[in-house]
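Position 332 of the sequence shown, counting from 1, maps to 341 under this note's numbering, and the rest follow consecutively. Virtual Cβ for every residue (Gly too), placed ideally from N, Cα, C. A short worksheet on the structure shown next.
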Amino acid sequence: MSAGARPAPRWLHGRLADLLLGCHGGYLALFIGFLLFGPTWRAAQPGWLAPLLILLVSTPHYGATLVRVYEQRAERRAYALYAFGATFALLALFVLGVRNAAVGTLLFTAYLTWSPWHYTAQNFGVAMTFLGRLGLAPDRTGRRLLHAAFILSFVLTFLVMHREDGAARGLAEGGVHLARLGLPDPLASVAIPLVAIACAVTFAAALPGLLRRGSIADLAPLGLLALSQCVWFVLPDLFRVSGTSGGVEALDFDHRAYYFNWIVLAHAVQYLWITSYYARAAGDWPGLAPYLGKTLLAGNVAWLVPALVFAPQLLGGAALETDVALLVAALVNLHHFVVDGAIWKLRRAKVGDVLIRSRSGSPAPVVRGRRLRPAVVAFWSGAALLLGLALFEFGAREIAIPGRASAGDLDGASRWLDRLGRVGRDSATLRLRLGVAFAEEGRPAEAQAAFARALELAPD
């Protein structure tokens with residue numbers, strides 16, 4: 010290093026922000042609250058809160074990948090195989106899945122199976138980033154041990170997810186669903202505890218080498234990330250296998266969907282934390298608010314366009330709206346997994362330079378007074394309209410319709426559904442519930458109309 014060179018800063022956004030957002034310290038503080046007050050908080054939480062946070066926080070994290078890959082011509086060329094080849098392949102599978110439940114089930118199963126690995130790999134990548142920045146980069150053996158520990162935590166989740174669970178079910182039976190491999194109980198009952206022990210042993214074996222390079226305090230990022238991995242996957246899966254939650258609702262599989270929403274948000278925050286740093290360091294940084302706004306717009310396009318085009322009343326045909334929703338989730342997430350895995354490899358010189366060595370990328374040239382291409386203006390204008398539609402749908406589904414129904418104003422709820430129908434977002438499920446409510450109120454004509462509309466939306 011030359012005499013005038015400065016050492017790379019140890020933190021990306023600052024110590025506190027990095028530990029809270031990048032290393033899940035904020036989530037772990039929330040998890041302590043779940044341990045103490047989980048049932049009370051869950052009962053008090055309004056039904057619209059989680060969907061709103063998912064829309065405003067998780068959606069941009071998908072958009073961050075799209076902006077990174079598709080906005081700049083150089084990035085599109087560098088990752089053309091993933092940006093275009095993988096995209097078209099996944100779109101083809103999605104279209105087939107909408108028409109064929111067996112294909113849809115395979116696509117959805119691939120998404121659910123891959124998802125824990127995506128979370129795990131991101132945690133491992135962030136851990137290696139901090140070890141590198143803090144001067145604690147492990148030797149080859151130490152890295153392999155750490156990598157093995159994270160991999161084994163995923164293997165544990167895989168075994169629990171795919172063990173035998175009742176009678177075998179055909180791929181097309183009952184619509185789109187998780188098709189478990191059906192690992193026999195004798196195999197799973199032995200493999201699961203062995204993998205859990207191996208995970209703990211390999212992680213512990215990596216620590217002495219790291220402690221020789223730094224202090225316990227220096228290992229705080231790794232410790233927080235490993236603890237997050239444990240409470241996200243390892244402990245819930247072990248409790249699920251044991252048939253008990255130990256009296257801790259946050260680890261109870263019966264409430265997994267509720268508590269996993271917060272894991273989704275923590276993962277998304279972590280992703281935005283690191284992508285915003287990379288975008289700022291790579292040049293042509295518009296500022297945090299414009300960047301997050303752009304990622305929200307792009308992410309919403311990815312989620313809403315296939316849902317609109319393949320809604321049952323349009324190209325979805327006889328597919329149930331729930332099946333289409335599951336397949337849209339599979340499409341968006343699998344695309345995110347594939348592209349994300351390609352662009353964030355620390356061994357790539359540019360990525361490693363920015364994230365570990367804090368060397369800025371070549372800044373994009375700034376041309377004052379430049380005019381945006383019409384196609385770019387059209388895309389972002391359309392994206393803004395789609396975001397307005399998404400917010401309208403959220404307000405109608407999560408606030409207006411439940412509010413009207415709970416107040417006994419079924420006609421008001423019906424009018425809100427009609428408004429959704431005019432923008433292609435009607436719901437057979439909500440129409441069916443409305444019909445039942447009309448019938449219970451002694452209004453057969455309105456009930457029949459609601460049932461007829463539900464049948465029109467979902468003929469099967």
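(request) With a cut-off of 8 Å on the beta carbons, I'd call PRO147 and GLU407 a contact; round off their distance for me. (result) The Cβ separation is near 46 Å, so there is no contact.
(request) State the CB to CB distance for the pair ALA316 and TYR300, rounded to an integer number of angstroms; the pair is presumed to be in contact (CB under 8 Å). (result) That pair is no contact at about 25 Å.
(message) Runs of 3 residues minimum, wholly inside the segment 245-280: which ones carry the beta strand (DSSP E) assignment?
(response) none
(request) Ignore the nearest five residues each way along the sequence and tell me which others in ARG434's own chain have a CB closer than 6 Å to its CB. (result) GLU402
(message) Check whether the segment 264-281 and the segment 121-136 are in contact - that is, three or more C-beta pairs closer than 8 Å.
(response) yes
(message) Looking only at its chain, what residues have a beta carbon closer than 6 Å to the beta carbon of ALA373, apart from the 5 residues adjacent to it on each side?
(response) Note that ALA373 scores 48 on pLDDT, short of 50, meaning its location in the model is unreliable and no value can be drawn from it.
(request) Kindly list the residues whose CB is nearer than 7 Å to the CB of ALA214, restricted to its own chain and excluding five residues on each side of it in sequence; keep chain order. (result) LEU154
(request) Classify ARG172 as helix, strand or coil using the three-state DSSP reduction. (result) strand
(request) For my contact list, HIS156 and PHE139 are in at a C-beta cut-off of 8 Å; report their separation, rounded to the angstrom. (result) 15 Å between Cβ atoms; not a contact.
(request) Could you tell me the distance, in whole angstroms, from the CA atom of ILE444 to the CA atom of LEU464? (result) The amino acid at residue 444 is misidentified as Ile; the sequence shows Gly. Computed Cα separation, rounded: 11 Å.
(message) If I follow the unbroken alpha helix (DSSP H) through PRO354, where does it start and stop?
(response) In the sequence under discussion, the amino acid at residue 354 is Lys, which differs from the Pro named in the question. Counting along the chain, LYS354 falls outside any alpha helix (DSSP H), and DSSP gives it neither H nor E.
(request) Counting only the same chain and skipping the five closest in sequence on each side, list residues whose C-beta sits under 6 Å from that of ARG19. (result) ARG142, LEU143
(request) Taking LEU145 as the reference, give the member of ARG178, ILE365, VAL250 with the closest Cα. (result) ILE365
(message) Taking 8 Å as the cut-off, does the segment 222-241 touch the segment 28-37 (at least 3 CB pairs, one atom from each stretch)?
(response) yes
(message) Judging by CA-CA distance, which residue of LEU180, GLY223, ASP194 is the nearest neighbour of ALA111?
(response) LEU180
(request) Check LEU192 in the structure and name its three-state DSSP category. (result) strand
(message) Which residue wins for smallest C-alpha separation from ALA416, given the options ALA446, TRP312, ARG431?
(response) ALA446
(request) Determine, using beta carbons only, whether LEU313 and GLY113 come nearer to each other than 8 Å. (result) no
(message) Quick check: what's the CA-CA separation for ARG413 versus SER390?
(response) 32 Å
(message) Quick check on DSSP: helix, strand or coil for ASP435?
(response) coil
(request) Would you tell me roughly how many angstroms separate the C-alpha atoms of ALA328 and THR49, rounded to the nearest one? (result) 38 Å
(message) Tell me the rounded alpha-carbon separation between ALA53 and GLY404.
(response) 20 Å
(message) Just verifying my parser: in three-state terms, what is the DSSP assignment at GLY457?
(response) Gly is not the amino acid found at residue 457; the sequence shown has Gln there. Of the three classes helix, strand and coil, the one that applies to GLN457 here is helix, per DSSP.
(message) Taking contact to mean 3 or more Cβ pairs, one atom from each stretch, closer than 8 Å, check whether the segment 255-273 and the segment 339-349 are in contact.
(response) no
(request) Return yes when the Cβ of ASP349 is within less than 8 Å of the Cβ of THR118, no when it is not. (result) no
(request) Compute the Euclidean distance between the alpha carbons of GLY397 and ASP418, then round it to the nearest angstrom. (result) 26 Å
(request) Output the boundary residues of the alpha helix (DSSP H) element that contains GLN238. (result) 229-238
(request) Please go through the same chain and pick out, in chain order, the residues whose beta-carbon is closer than 7 Å to the beta-carbon of ASP261, but skip the five residues on each side of it. (result) SER254
(message) Could you check whether VAL341 and ALA311 sit closer than 8 Å to each other, using their CB atoms as the reference points?
(response) yes
(request) State the Cα-Cα distance for the pair HIS264 and ARG51, rounded to the nearest angstrom. (result) 10 Å
(message) Using 8 Å for Cβ pairs, my map puts ARG172 next to ASP194. What's the rounded Cβ distance?
(response) 7 Å
(message) Assuming contact is defined by CB atoms lying nearer than 8 Å, are LEU168 and ALA197 in contact in what I supplied?
(response) yes
(request) Grab the span of the alpha helix (DSSP H) containing LEU187 for me, first residue to last. (result) No alpha helix (DSSP H) contains LEU187, which DSSP labels as neither H nor E.
(message) Quick check on THR150: buried or exposed, where buried means 16 or more other Cβ atoms within 10 Å of its Cβ?
(response) exposed
(message) So, with DSSP's three-state summary, where would you put CYS32?
(response) coil
(request) Would you decide whether VAL363 is buried or exposed? Buried here means 16 or more other CB atoms lie within 10 Å of its CB. (result) buried
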